[in-house]
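All residue numbers for the sequence shown refer to full-length UniProt numbering, where the first residue is 1 and numbers rise by one.
Working notes, structure below.
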Amino acid sequence: MELPFIIISNTVLKNQRILTCFSLSVTGTDYYYFERGFTILSGILIGITIIFMIVNLYYFFNNKSFKNSYFSSILFYKLFFVLLGFTIGFACLYYLLSLNEVVLLVSSPTGDVADVTFLDSLYFSGVTILSVGYGDLVPVGSARFFSLIEASIGLLLPTAYFMKALTSSREKEDE
């Protein structure tokens, strides 16, 4: 008695053939239905996750203890849109610099030059201003200087926001 894996093990396998063999042996069905089931399941799980996050945000903003906190929605929106503006501005800067020089390298042993699109620039700018720094793209040349400036802005603006929120709340308590 041969397993389905042994039957096709002598040929060069592509991903679809491997998954077909796997789905036939495990589920007794075809690859198309196997893949379609995962697509539907992942879509359902993504929807549940998004609903869960929205419910948590709703609870957070409508909680009584939140209403008595130092949070200022006006300052929050101002900070959000200012950071968004800086992110898009620096993304444009990186993209325009990439038209004349190499600004980003792919972080790999070969150090390949990144083929920079605007979305890549936007991704790099967002990762930089939020101080995440995954390390998958590395700035070179003049982009190094601008990425330091952007990271500094990403650290200093939220700090100034929290200082302003604390100062405003203390002024209200004193009155």
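All C-beta atoms, glycine included, are put in the ideal place defined by N, C-alpha and C.
Since this is a predicted model, take the numbers as computed values, not measurements.
Check: Beta carbon of V102 nearer than 8 Å to that of L157; Outcome: no
Check: Close beta carbons around S131, own chain, < 8 Å, minus the five adjacent residues each side; Outcome: A151, G154 and L155
Check: Nearest-angstrom beta carbon gap, I129 and T159 [assumed within contact, 8 Å]; Outcome: That belief does not hold up - the Cβ atoms of T159 and I129 are roughly 13 Å apart, past 8 Å.
Check: Beta-carbon proximity list for Y95, same chain, < 7 Å, skipping 5 on both sides; Outcome: V116, F118 and S121
Check: Sub-8 Å separation of V140 and S107 beta-carbons; Outcome: no
Check: Check whether V168 and S72 have beta carbons under 8 Å apart; Outcome: Strictly speaking, residue 168 in this sequence is Ser, with Val absent from that position. It is a contact, given that the beta carbons lie within the stated cut-off.
Check: F146 versus M163, L166, D136 and F124, residue with shortest Cα-Cα distance; Outcome: F124
Check: Run of the beta strand (DSSP E) containing V138, from where it starts to where it stops; Outcome: L137 to P139
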